[in-house]
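> Let me begin by handing over the structure; questions about it come next.
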Amino acid sequence: MQKKRIFNLLKPIKPPPTVWDKIYDWIIGKARVVIIFVELLVVSAFVLKVVEDTNAKNKQKEIESLNTELSFYSIEMEPRFREIIKKSDIYLEMQRESSVYYKVLEEVFGFIGLDQPSVNVRIAANKLTIVGYDNLSNLKKLEEALKTKSKTLQLSSVKVGNLTLDQEDILAQKGQIVLEASLLEDLLRK
Numbered sequence: 040m041q042k043k044r045i046f047n048l049l050k051p052i053k054p055p056p057t058v059w060d061k062i063y064d065w066i067i068g069k070a071r072v073v074i075i076f077v078e079l080l081v082v083s084a085f086v087l088k089v090v091e092d093t094n095a096k097n098k099q100k101e102i103e104s105l106n107t108e109l110s111f112y113s114i115e116m117e118p119r120f121r122e123i124i125k126k127s128d129i130y131l132e133m134q135r136e137s138s139v140y141y142k143v144l145e146e147v148f149g150f151i152g153l154d155q156p157s158v159n160v161r162i163a164a165n166k167l168t169i170v171g172y173d174n175l176s177n178l179k180k181l182e183e184a185l186k187t188k189s190k191t192l193q194l195s196s197v198k199v200g201n202l203t204l205d206q207e208d209i210l211a212q213k214g215q216i217v218l219e220a221s222l223l224e225d226l227l228r229k
């Protein structure tokens with residue numbers, strides 16, 4: 040038996056595409072772009088996650104170091120600060136309640152200025168003592184102001200109790216001075 044050969048010179052007609060053929064064509068064509076876009080999103084999300092994890096780890100280390108520092112301050116320094124605050128509150132209360140000493144301190148700090156960290160003022164009984172380390176001309180001005188302008192001190196009682204100079208102090212014209220003065224008797228009676 041012989042086979043017959045059929046020659047068809049027309050363009051072959053494809054059968055209509057099935058659902059699976061349409062899905063396959065879509066995957067090969069348009070879905071390729073979507074897949075590449077999704078892969079780029081996944082890679083960028085991974086990179087951002089790594090960066091965020093690194094930042095979080097660094098922040099965690101910083102938090103731990105700050106907690107260590109805070110615990111040091113809370114154990115070592117906080118009691119000192121609380122003691123200073125307590126002393127300051129007691130001092131302010133005493134200053135407000137004692138009108139005599141308040142007037143004297145207000146006057147003396149008016150001459151000295153509140154920004155002088157190297158000057159200490161002490162009142163005991165009826166005696167005022169000012170201990171300071173400063174420029175000698177400033178200390179001399181303070182002594183003159185106390186002798187001439189004071190309303191709460193006995194003017195004749197203002198004197199230099201002690202003057203200490205080192206060789207470097209002489210060159211810098213600085214020194215430690217102790218000024219002593221007595222309070223007016225009228226103030227103590229009030």
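Numbers given in this note's numbering equal positions in the sequence shown, counted from 1, plus 39.
Just so it is clear, CB atoms sit at the ideal spot from N, CA and C, and this is done for glycine as well.
Just so it is clear, the structure is predicted and the values come from calculations on it, not from any experiment.
Around the C-beta of A230, are 16 or more other C-beta atoms found within 10 angstroms, so that it is buried, or is it exposed?
Absent from the model: residue 230. The displayed extent of the chain is 40 to 229, so no value can be given.
> Identify which residue in L167, Q99, T57 has its Cα closest to the Cα of L222.
Stepping through the sequence shown from its first residue, residue 222 is reached at position 183. It is L167 whose Cα lies nearest to the Cα of L222.
> Considering only the beta carbon of each residue, do L218 and L185 sit closer than 8 Å?
Counting from one through the sequence shown, the residue named residue 218 turns up at place 179. Counting from one through the sequence shown, the residue named residue 185 turns up at place 146. It is a contact, given that the beta carbons lie within the stated cut-off.
> So, at 6 Å on beta carbons, what are the nonlocal neighbours of V58 in its own chain, with the 5 sequence-adjacent residues on each side left out?
In the sequence shown, residue 58 corresponds to position 19, counting from 1. Closer than 6 Å at the Cβ level, and outside the excluded window around V58, lies no residue.
> Tell me which residue opens and which closes the beta strand (DSSP E) that R161 is part of.
What you label residue 161 is simply residue 122 of the sequence shown in a count that begins at 1. Note, R161: beta strand (DSSP E), 158-163.
> Grab the span of the alpha helix (DSSP H) containing R71 for me, first residue to last.
Taking the first residue of the sequence shown as 1, we reach residue 71 at position 32. First-last of the alpha helix (DSSP H) with R71: 69-111.
> Kindly identify the DSSP beta-bridge partner or partners of S172.
To locate residue 172, count along the sequence shown from 1; it is residue 133. A quick correction: the sequence has Tyr, not Ser, at residue 172. Y172 pairs with Q215.
> To which residues does DSSP link L167 through a beta bridge?
Sequence index remark: in the sequence shown, residue 167 carries index 128 (1-based). For L167, which the question treats as bridged, DSSP gives the partners I162, A220.
> Does the beta-carbon of I169 have 16 or more other beta-carbons within 10 angstroms, so that it is buried, or is it exposed?
Taking the sequence shown and counting its residues from 1, one reaches residue 169 at position 130. Label assigned to I169: buried.
> Helix or strand or just coil, what does DSSP make of R119?
Within the sequence shown, the letter at position 80 stands for residue 119. Helix.
> Quick one: which unbroken alpha helix (DSSP H) runs of 4-plus residues sit fully inside the stretch 45-70? Chain order, please.
Counting whole runs of 4 or more residues, the stretch 45-70 contains the alpha helix (DSSP H) stretches 58-67.
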